[in-house]
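> First, the structure itself, so that you have it in front of you.
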Amino acid sequence: MVVVVIGIIRAHNLFAVVILGGAYSFLLATVMVVLDAVDVAMTEAAVGAGMSTVLLLAVLHLTRTREAPLRHAPAIPLLVCLLTGGALVYGTLDLPPFGRADNPQNQHVAPYYLENAEKETKSPNVVTAVLASYRGYDTLGEVTVIFTAGIGVLILLSRRRRRDMIVKDEGRSKDVA
Amino acid sequence: MLRDTVILRVVVKLLLPAILIFALYVQFHGDYGPGGGFQAGVAAAAAIILYGMVFGIDEAQKVVPRPIVNTMIPLGVLIFAGTGVASLLLGENYLDYSPLGSKPVKGQHLGILIVEAGVFITVASTMLAIFYVFGGRADEADEKEGEG
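These protein sequence lines map, in sequence, to chains C and R.
Its first residue numbered 870, the first sequence is counted upward by one per residue in the numbering used here.
Its first residue numbered 11, the second sequence is counted upward by one per residue in the numbering used here.
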């Protein structure tokens, strides 16, 4: 993954960057499989590697495939990135050790889900039970987010086209006049 | 356009049913194995997108027309939210599926199934809609290049 990231930074051909981004997503998906989160791995492989790559390629088709030369020094963005990254790493220092049974998140509702999910929802997959039943509100929110994103993209991109058509029509009517 | 590559066309035609079946498997097997509406939705959309990339967006829109996609986006959310309203009307909390079946467990099972279907519809159609919009613009750019 580190090699892929260095490749992304060094590459100036945006086509290569998009493909490397897809490769990074696939690697991340394998990491999720190793962590026993197959659901997340499937989502990462499908959305991250599949959909995003396709959409980025569609965008590349509309723009140029070479990176534009930098107009300003990269010092300030680099500083912001380093500060944010540093803050995030500092935040992880306080987290409890990974995967211990007496961690706070394993003490609260997780044992209840694990013990009762199959009995109460007849669904052997606890993830599905939690997603759809115990946390239905959350999932409804997520679906609404996707809905909103889709509507937003549709409105933004179809409006531009309509304006193009109006401009074309105006040109035509002038010609007629 | 990739339409002229014979190998790609044949492979896509062979793969399409497999991908769609896999999407349905992920959808309806979600209770038992990994998966659910989100993953299945993306997989199903990916099948249509693959078709659209190889055979052209117009052909894909013959299979799944744009108006249908656009109505499916809110339809999925409506199904999800409507399930909650249905359980409200049956005298339980919002999105508590227990009263939907004869026994609470059956109700939960049915509720999860319906809600996942709603998720599937919204996710698949949103992905497709975004692809149609982007791809449509790419086609327009091609036409402009052709004119100029």
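Yeah, the Cβ is synthetic: ideal placement off N, Cα and C, and Gly gets one too.
Starting from the C-beta of GLY86 (chain R), find all residues in its chain whose C-beta is less than 6 Å away, skip the five residues before and the five after it, and write them out in chain order.
The residue you call residue 86 (chain R) lines up with position 76 of the second sequence. Excluding residues within five positions, the ones whose Cβ falls inside 6 Å are GLY128, ILE131, THR132.
> Can the beta-carbon of ALA915 (chain C) be found closer than 8 Å to that of ALA56 (chain R)?
The sequence position of residue 915 (chain C) within the first sequence is 46, counting from 1. The sequence position of residue 56 (chain R) within the second sequence is 46, counting from 1. Yes.
> Nearest by alpha-carbon distance to ALA937 (chain C): which of C:ALA880, C:PRO973, C:VAL907, C:SER894 is it?
Looking up residue 937 (chain C) in the first sequence gives position 68. The shortest C-alpha separation from ALA937 (chain C) is found at C:ALA880.
> What would DSSP say about ARG147 (chain R), mapped onto helix, strand or coil?
Numbered from 1 along the second sequence, position 137 holds the residue referred to as residue 147 (chain R). ARG147 (chain R) falls in the helix class under three-state DSSP.
> Please classify ASN975 (chain C): does DSSP put it in a helix, a strand, or coil?
Residue 975 (chain C) sits at position 106 when you count from the first residue of the first sequence. Looking at ASN975 (chain C) - three-state DSSP - the assignment turns out to be helix.
> Measure from the alpha carbon of PHE895 (chain C) to the alpha carbon of each residue in C:ILE878, C:ALA885, C:GLU913, C:VAL887, then state which is nearest.
To locate residue 895 (chain C), count along the first sequence from 1; it is residue 26. PHE895 (chain C) has its Cα closest to that of C:GLU913, out of C:ILE878, C:ALA885, C:GLU913, C:VAL887.
> Kindly indicate if chain C contains any beta-carbon less than 8 Å away from that of ALA134 (chain R).
Mapped onto the second sequence, residue 134 (chain R) falls at position 124. It does not: the Cβ of ALA134 (chain R) has no partner Cβ on chain C nearer than 8 Å.
> According to DSSP, is ASN994 (chain C) helix, strand or coil?
Here the question's residue 994 (chain C) lines up with position 125 in the first sequence. Reduced to three states, the DSSP call for ASN994 (chain C) is coil.
> List, in chain order, every chain R residue whose beta-carbon is nearer than 7 Å to that of TYR1006 (chain C).
Translated into the one-based positions of the first sequence, residue 1006 (chain C) becomes position 137. Near TYR1006 (chain C) (Cβ distances below 7 Å), the residues of chain R are LEU105.
> Roughly how many angstroms lie between the CA atoms of ALA28 (chain R) and LEU925 (chain C), to the nearest whole one?
What you label residue 28 (chain R) is simply residue 18 of the second sequence in a count that begins at 1. What you label residue 925 (chain C) is simply residue 56 of the first sequence in a count that begins at 1. Answer to the nearest angstrom: the Cα atoms are 25 Å apart.
> Just to make sure I have the definition right: I need the residues of chain R whose C-beta is within less than 7 Å of the C-beta of SER1027 (chain C). Which are they?
Walking along the first sequence from the start, residue 1027 (chain C) turns up at place 158. Near SER1027 (chain C) (Cβ distances below 7 Å), the residues of chain R are VAL143.
> How long is the line joining the alpha carbons of LEU957 (chain C) and VAL949 (chain C), rounded to whole angstroms?
Translated into positions along the first sequence, residue 957 (chain C) becomes position 88. Translated into positions along the first sequence, residue 949 (chain C) becomes position 80. Distance between the alpha carbons of LEU957 (chain C) and VAL949 (chain C) is about 12 Å.
> Would you verify that the beta carbon of VAL115 (chain R) is, or is not, closer than 8 Å to some beta carbon of chain C?
Position 105 of the second sequence holds residue 115 (chain R). Chain C contact via Cβ: present.
> Within 8 Å of any Cβ in chain C, is that where the Cβ of GLU102 (chain R) sits?
Here residue 102 (chain R) corresponds to residue number 92 of the second sequence, with the count starting at 1. GLU102 (chain R) does not count as touching chain C.
> Could you say which of C:GLU989, C:LEU1025, C:VAL907, C:LEU929 lies nearest to ASN882 (chain C) if we only look at CA atoms?
Position 13 of the first sequence, counted from the start, is the residue given in the question as residue 882 (chain C). Checking every option, the nearest Cα to that of ASN882 (chain C) belongs to C:LEU929.
> Does VAL22 (chain R) have its Cβ less than 8 Å from a Cβ in chain C?
As a first step, residue 22 (chain R) is located in the second sequence; it is residue number 12 there, counting from the start. It does not; no Cβ of chain C falls within 8 Å.
> To the nearest angstrom, report how far apart VAL871 (chain C) and ILE877 (chain C) are at their CA atoms.
Taking the first residue of the first sequence as 1, we reach residue 871 (chain C) at position 2. Taking the first residue of the first sequence as 1, we reach residue 877 (chain C) at position 8. One C-alpha to the other measures close to 10 Å.
> Give the DSSP-derived three-state secondary structure of ARG940 (chain C) in the structure shown.
Counting from one through the first sequence, the residue named residue 940 (chain C) turns up at place 71. Correct three-state label for ARG940 (chain C): coil.
> How far does the alpha helix (DSSP H) with LEU889 (chain C) in it reach, from first residue to last?
For the purposes of this step, residue 889 (chain C) is taken as residue 20 along the first sequence, with counting starting at 1. Where LEU889 (chain C) is concerned, the enclosing alpha helix (DSSP H) stretches over 883–903.
> List, in order along the chain, the chain R residues whose C-beta lies closer than 9 Å to that of VAL903 (chain C)?
For this step, residue 903 (chain C) is matched to residue 34 along the first sequence. Within chain R, no residue comes near VAL903 (chain C); the closest Cβ sits about 14 Å away, beyond 9 Å.
> Would you say the region 998–1013 of chain C touches the region 90–106 of chain R, given that touching needs at least three Cβ pairs under 8 Å?
Contact between the region 998–1013 of chain C and the region 90–106 of chain R is present, because at least three Cβ pairs lie under 8 Å.
> Apart from the five residues just before and just after GLU102 (chain R), which ones in its own chain have a Cβ nearer than 8 Å to its Cβ?
As a first step, residue 102 (chain R) must be located in the second sequence, where it is residue number 92. Excluding sequence neighbours, GLU102 (chain R) sits near SER108, PRO109.
> Quick one: which residues of the region 884–913 of chain C get their C-beta closer than 7 Å to a C-beta of chain B? List them in chain order.
Absence of chain B from the displayed structure is noted, the protein chains being C and R.
> To the nearest angstrom, how far is it from the Cα of GLU987 (chain C) to the Cα of ASN994 (chain C)?
In the first sequence, the residue the question calls residue 987 (chain C) occupies position 118. In the first sequence, the residue the question calls residue 994 (chain C) occupies position 125. For GLU987 (chain C) and ASN994 (chain C), the distance between alpha carbons rounds to 8 Å.
> Would you say LEU983 (chain C) lies against chain R (beta-carbon separation less than 8 Å)?
Reading the first sequence from its first residue, position 114 is the one you call residue 983 (chain C). Not an interface residue.
> When you compare each of R:GLY111, R:LEU99, R:ARG76 to ASP145 (chain R) by their alpha carbons, which one comes out closest?
As a working note, residue 145 (chain R) is residue 135 in the second sequence. Going by the sequence as given, residue 145 (chain R) is Gly instead of Asp. For the residues R:GLY111, R:LEU99, R:ARG76, the minimum Cα distance to GLY145 (chain R) belongs to R:ARG76.
> Report the option in C:GLY919, C:ILE1024, C:PHE884, C:MET920 whose CA atom is closest to the CA atom of ARG935 (chain C).
As a position in the first sequence, residue 935 (chain C) is number 66, starting the count at 1. Of the listed residues, the one whose Cα sits closest to ARG935 (chain C) is C:PHE884.
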